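For the sequence shown, the positions run 0 to 256 when numbering that gives the first Met the number 0 is used. Here's the structure, in structure tokens; my notes come after.
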Amino acid sequence: MGIEALRRCRTTIAPDGEISMHGDFGRAMVPLLAEGTGTTIEAQNGKEAFLECQAEPWMNDVVEFIWWMIRAGFLIPRLAHDNGNLVRMRLTVAGGCFLDSKVDHPLLPGALERVRARCPGIPDEVIEYLVDAHSCLEHALARPSIVLAGLAYEAAIDKVVEVLANRGLVASRLGDQKAWKKISVVGPAIPHVFSKAEDREKSFAATAAWDFADTLRRRRNDGSHPRPVFDFSDLTEVQEFFVSALRHLPGLWSVAV
């Protein structure tokens, strides 16, 4: 609801304008809350609570959402009220991109839940590493986010290799090999996993996923060693890597299912 309210605010303010907690955000939130709870309340009558009642326990979720947006670098706090309440905020460039995204932005709600649902049986540690990478993104920590996403993929790769070894599709002694070696071995096995004509699209998706795994592996190496080939100053690039990691993980994992 908070994200949708801020999206609505963007249609009523200047692109570089400030968003007020009550006049803009509160006015947009009240109809959403009324709809969600099946009640009726005029925005004009309910908006002031978003300014004057920020210290109330029942406003915690709203306040935590706004300060999460600030911590993630999407909003800049502008003015404080006499009693310490936040009055105005300004949307950052990154915040604008976040609100414009509908499904693929890594910080939109439900991203990790969706990828887990698309990867039945995937080890918990893979998701745990992605959760940690996600938390780093929430704090605009680019380098550790890439490293942890790469670690998640490496854990998934290890399990896929184990499954394929048990099926006799790859060598059984790959446990001590480096990630690049495991990736290079799985690639040729994909056509044997998806050998039926109706599995052609699955084979394409799996091949693309394992190609991406190697790209992420190299970027992870950049993050784990001094003097990287490319630095980590571009947060948008890191977010795109994370989105790609979530998109490709089901294809990578499909080889083991």
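All C-beta atoms in this analysis are idealised placements derived from N, C-alpha and C, irrespective of residue type, glycine included. Given the structure is predicted, the values throughout are model-derived calculations rather than measurements.
Any chain D beta carbon closer than 8 Å to residue i
i: Ala-155; result: Protein chain content of the structure displayed is limited to a single chain, and chain D is not contained in it.
Unbroken alpha helix (DSSP H) run spanning residue i, endpoints
i: Val-184; result: 178–192
i: Arg-89; result: Unbroken run through Arg-89 is the beta strand (DSSP E), 85–90; no alpha helix (DSSP H).
i: Glu-197; result: Taken as a continuous stretch (DSSP letters only), Glu-197 belongs to no alpha helix (DSSP H), as it is neither H nor E.
i: Leu-168; result: Element bounds for Leu-168: n/a, residue is neither H nor E.
i: Gly-250; result: 234–253
i: Ile-126; result: 123–137
i: Gly-1; result: 1–9
i: Leu-111; result: 110–116
Burial state of residue i (16 or more Cβ within 10 Å)
i: Asp-233; result: exposed
i: Phe-24; result: buried
i: Ser-202; result: buried
i: Ser-19; result: buried
i: Arg-218; result: buried
i: Ile-189; result: buried
i: Val-160; result: buried
i: Ile-182; result: buried
i: Ala-255; result: buried
i: Val-29; result: buried
i: Ile-126; result: buried
i: Ser-253; result: buried
i: Leu-90; result: buried
i: Gly-35; result: exposed
i: Leu-5; result: buried
i: Ala-244; result: buried
i: Leu-136; result: buried
i: Leu-78; result: exposed
Whether residue i touches residue j by CB criterion (8 Å)
i: Val-169; j: Val-185; result: yes
i: Met-88; j: Leu-107; result: no
i: Leu-85; j: Leu-111; result: no
i: Leu-215; j: Gly-149; result: yes
i: Cys-8; j: Ala-27; result: yes
i: Met-0; j: Leu-32; result: yes
i: Ala-93; j: Gly-109; result: no
i: Lys-46; j: Gly-83; result: no
i: Pro-105; j: His-133; result: yes
i: Trp-179; j: Asp-213; result: yes
Cβ-heavy atom distance, residue i to the ligand ZN, below 7 Å
i: Gly-83; result: For the ligand ZN, the structure offers nothing, since it holds no ligand at all.
(message) Does the segment 244–254 come into contact with the segment 190–208, if we say contact requires no fewer than three beta-carbon pairs (one atom in each stretch) closer than 8 Å?
(response) yes
(message) With three or more beta-carbon pairs closer than 8 Å as the criterion, would you say the segment 221–241 touches the segment 135–154?
(response) yes
(message) Measuring CB atoms only, is the segment 81–99 touching the segment 61–69, in the sense that at least three cross pairs come out at less than 8 Å?
(response) yes
(request) Count the C-beta pairs between the segment 162–177 and the segment 225–232 that are closer than 8 Å, then say yes if the count reaches three, no if not. (result) no
(request) Taking only runs that begin and end inside the segment 16–85, name each unbroken alpha helix (DSSP H) of 4 or more residues, in chain order. (result) 26–36, 42–45, 48–51 and 59–70
(message) Can you confirm whether the segment 121–129 touches the segment 149–161 when touching is taken to mean that 3 or more C-beta pairs between the two stretches lie within less than 8 Å?
(response) yes
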